[in-house]
Amino acid sequence: MEAVSRTAQWTAAARALETEREDRLFADPYARTVADEIGFELLKRYDGGGIVPFLAIRTTYLDRAITAAVEERGIRQVVFLAAGMDTRFHRLPWPDGVTVYELDRPALLEAKAELLKGEPRPAGRTRVAVPVDLTQDWTGALKEAGWKSDEPVLWVVEGLLFFLPEQAVRTLISTLSAHAAPGSVLLGDVISRAALVNPLARGFMKALEEDGNPWLFGTEDPEGLLADCGWAVREVRQPGEDGADFERWPYPVPARTVPGVPRSFLFTCDLPTTSQEVAA
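If you count by the working numbering, then the sequence shown holds residues 234 to 513, one letter each, in order.
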């Protein structure tokens, strides 16, 4: 697989460790399978800086937000961009009639299919793998796979934005709002710019760069970024704050007004019905 694809196995290894805790926040019985040996090797290489608790919190936050979107809002199209080794199709309690589209590079999707080939497909739901390069036009391939642009969609952008340059981030998020029907939802995560230059994370960042996976983008204003790209922000949470703690975050959370702090942000957005909603 391409170097950037291996990070998907790193995060899967972290999910496996959380699953094996007695006080686990979620159960991912497929995580150890898709992580394979390389995932645990990378987890050791990238250890430190709260990565493991952050990944447990991010997974839990998004699990709950995804479940709420399909159950409470009736969304039946779910698109994971850069799906990686995500196993939510198998493990979440999807309502009948949901179609899960997983977009990623062809080599990664092929490797994932091989790793999970012995697992039964859950009934009442459909998974469609869509091999694409997200730096190129991918909406045509998604439509050909059955996605309907005139119906609400749940976009999930997890663990992707910090790998992209800023213009690519803005183009991607704007494309999601431009190709969403009323009632659509966007979920994801992003880091602060300060996190990219944090002296305590130099070893981690250097390892990522050496492995061909440099982190390129961060923002101190995720609300502004999302609004500029056409989304109405429902909430932005930092790990450790109410709604994004789950008794896992081991560090204090400085106020957003404190400059120069490395931060991670988890967000939930809606497609606005008017331009005023975005500005609000």
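The beta-carbon is built from N, C-alpha and C at its ideal position, and this holds for glycine as well.
Computed from a prediction, not measured in an experiment: that's the story for all the values here.
Exercise. Within 10 angstroms of its Cβ, does Tyr279 collect 16 or more other Cβ (buried), or is it exposed?
Worked result: buried
Exercise. Thinking C-beta only, is Leu449 closer than 7 Å to Arg470?
Worked result: no
Exercise. Under the rule that 16 or more other beta-carbon atoms within 10 Å means buried, what is Gln196, buried or exposed?
Worked result: The structure shown has nothing for residue 196, since the chain only spans 234 to 513.
Exercise. Which same chain residues, not among the five before or five after Glu335, have their C-beta less than 6 Å away from its C-beta?
Worked result: Phe313, Ala316, Ala362
For this session: Report the residue from Pro355, Arg239, Ser382, Tyr484 whose alpha carbon sits nearest the alpha carbon of Ala411.
Result: Ser382
Exercise. Measuring CA to CA, which of Arg291, Ala245, Thr408, Ala298 is closest to Phe273?
Worked result: Ala245
Exercise. Do the region 408-427 and the region 379-395 meet, that is, are 3 or more Cβ pairs less than 8 Å apart?
Worked result: yes
For this session: On a CA-only basis, which of Arg496, Arg481, Ala414 is nearest Arg254? Give me that one, please.
Result: Arg481
For this session: Would you be able to state if there are at least three C-beta pairs under 8 Å between the region 294-308 and the region 365-376?
Result: Judged by Cβ distances under 8 Å, the region 365-376 makes no contact with the region 294-308, as fewer than three pairs qualify.
For this session: Could you tell me which residues DSSP puts in a beta bridge with Gly421?
Result: Val390, Phe500
For this session: Quick one: give me the first and last residue of the beta strand (DSSP E) that Asp461 is part of.
Result: It is not in any beta strand (DSSP E) - Asp461 instead sits in the alpha helix (DSSP H) that spans 455-461.
For this session: Could you tell me if Asp461 is buried or exposed, where buried requires 16 or more neighbouring beta carbons within 10 angstroms of its beta carbon?
Result: With fewer than 16 other Cβ atoms within 10 Å, it is exposed.
Problem set entry | Sequence ranges, alpha helix (DSSP H) only - wholly within the region 290-327, length at least 4 | 321-324
Exercise. Grouping DSSP H, G and I as helix and E and B as strand, with all else coil, what is Leu336?
Worked result: strand
For this session: Below 8 Å on the Cβ atoms is my guess for Met318 versus Lys350; work out the distance and round it to an integer in Å.
Result: The pair is not a contact, with the Cβ atoms about 14 Å apart (cut-off 8 Å).
For this session: Following the continuous beta strand (DSSP E) through Ala264, name the residue where it begins and the one where it ends.
Result: Premise fails: Ala264 lies in the alpha helix (DSSP H), 264-278, not in any beta strand (DSSP E).
Exercise. From Glu343, Arg324, Ala378, Cys502, pick the residue whose C-alpha is nearest to that of Ala356; which is it?
Worked result: Arg324
For this session: Go ahead and label Leu433 buried or exposed: buried means 16 or more other beta carbons lie within 10 angstroms of its beta carbon, across all protein chains shown.
Result: By the Cβ-count criterion, Leu433 is exposed, with fewer than 16 other Cβ atoms from all chains shown falling within 10 Å of its own Cβ.
Exercise. For the beta strand (DSSP E) that contains Ala488, what are its first and last residues?
Worked result: Taken as a continuous stretch (DSSP letters only), Ala488 belongs to no beta strand (DSSP E), as it is neither H nor E.
Exercise. Which residues mark the beginning and the end of the alpha helix (DSSP H) in which Glu255 is found?
Worked result: No alpha helix (DSSP H) contains Glu255, which DSSP labels as neither H nor E.
Exercise. Taking C-beta to C-beta, are Arg358 and Trp327 nearer than 7 Å?
Worked result: yes
Problem set entry | Segment limits, beta strand (DSSP E) that includes Val402 | Where Val402 is concerned, there is no enclosing beta strand (DSSP E), although the alpha helix (DSSP H) it sits in stretches over 399-411.
Exercise. From what residue to what residue does the beta strand (DSSP E) around Ala260 run?
Worked result: Ala260 -> no beta strand (DSSP E), and no H or E assigned at all.
Exercise. So what does Arg360 bridge to, in DSSP terms?
Worked result: DSSP output for Arg360 lists Val333 as bridge partner(s).
Problem set entry | Alpha carbon of Thr332 to alpha carbon of Glu384, nearest angstrom | 12 Å
Problem set entry | Residue(s) in a DSSP beta bridge with Ala465 | Asp503
Exercise. Roughly how many angstroms lie between the CA atoms of Ile290 and Pro495, to the nearest whole one?
Worked result: 17 Å
Exercise. So, are the CB atoms of Ala440 and Leu504 less than 7 Å apart?
Worked result: In terms of Cβ geometry, Ala440 and Leu504 do not form a close pair [threshold 7 Å].
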